[in-house]
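Trainee: Here the sequence shown is numbered in UniProt numbering, starting from 1 and rising by one per residue.
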Amino acid sequence: MSNINNYLAKVFEVPAEKVNLCSIQYELKKVSKHEMLLQEGEVCRNTFFVEKGLLRMYSIDKNGKEHVIQFAPENWLIGDRSSLYFNEKSRYYIEAVEDSEVLFLQPDFFSKLLEEFPNSIEKNDLIIQKHVKSLQDRINSLLGETAEERYLKFIKMYPDLLLRVPQWMIASYLGITPESLSRVRKELAKKNFVTDK
């Protein structure tokens, strides 16, 4: 069973014997490292589910500085929801950080899923509420927490990405410079060293 089938069965409680019915609503594509799935100014036409590999979504400000909004490793969804649902031009880029296998979900994938499996509506509402909570927590973190606190939250959210993502991308996600991130990691290493003694 593919990752998307496991995801739909586990998260939306789609019956295992019917989960393959959803496959007509997506297309699996191999995406090369650094390949762009979305560019600023385009209208986002798909939600992306990562079967294998790693994607990131970022913006570029007027000074040319990148700001990483989200990483999407295996079993994660990523897309510009504003562009997708309101047919607006995107302000973001979505790029493959690694060679990846990505499912391009049709725009109406989830609405058709809920039509076919009404019992999933409650699950969908819960997912949306968790997503909103996550965004609120991220804003609060960027506004009021120390770099160390943000880094520790990053490790908790993305435990397997430290060796897969360049340090400058992690720093961008945290809203700090790579030099600041390096200092944070050194300080944490010292604390752990002292604790382990």
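Ideal Cβ positions, reconstructed from N, Cα and C, are used throughout, including at glycine.
Computed from a predicted model, the values in this text were never measured in an experiment.
Out of curiosity, what's the CA-to-CA distance linking SER59 and ILE170?
Mentor: Taking the straight line joining both Cα atoms gives about 14 angstroms.
Trainee: Look at the Cβ atom of ALA96, then the Cβ atom of GLY53, and state whether they are nearer than 8 angstroms.
Mentor: Yes, the pair counts as a contact, with Cβ atoms nearer than the cut-off.
Trainee: In three-state DSSP terms, what is HIS131?
Mentor: It is helical.
Trainee: Report all residues from its chain with a CB closer than 7 angstroms to the CB of LEU38; omit the five preceding and five following residues, and keep chain order.
Mentor: CYS44, ASP80, SER90, TYR92, TYR93 and ILE94.
Trainee: With a threshold of 16 other CB atoms inside 10 Å of the CB of MET57, please say whether the residue is buried or exposed.
Mentor: Looking at its Cβ environment, which holds 16 or more other Cβ atoms inside 10 Å, MET57 is buried.
Trainee: Taking ASN5 as the reference, which of ALA189, VAL50 and TRP168 has the closest Cα?
Mentor: Ranking the options by Cα distance to ASN5, first place goes to VAL50.
Trainee: Write down every uninterrupted run of the alpha helix (DSSP H) in the stretch 111-180 whose length is 4 residues or greater and which is fully enclosed by it, in chain order.
Mentor: Listed in chain order, they are 121-144, 147-157 and 167-174.
Trainee: Are TYR26 and GLN129 touching if we call contact CB-CB under 8 angstroms?
Mentor: No, the pair does not count as a contact, with Cβ atoms beyond the cut-off.
Trainee: Please give me, in chain order, every unbroken run of the beta strand (DSSP E) with length at least 3 that falls completely inside the UniProt domain "Cyclic nucleotide-binding" (26-114).
Mentor: The UniProt domain "Cyclic nucleotide-binding" (26-114) contains these whole beta strand (DSSP E) runs: 26-31, 36-38, 47-52, 55-60, 66-72, 93-96 and 100-105.
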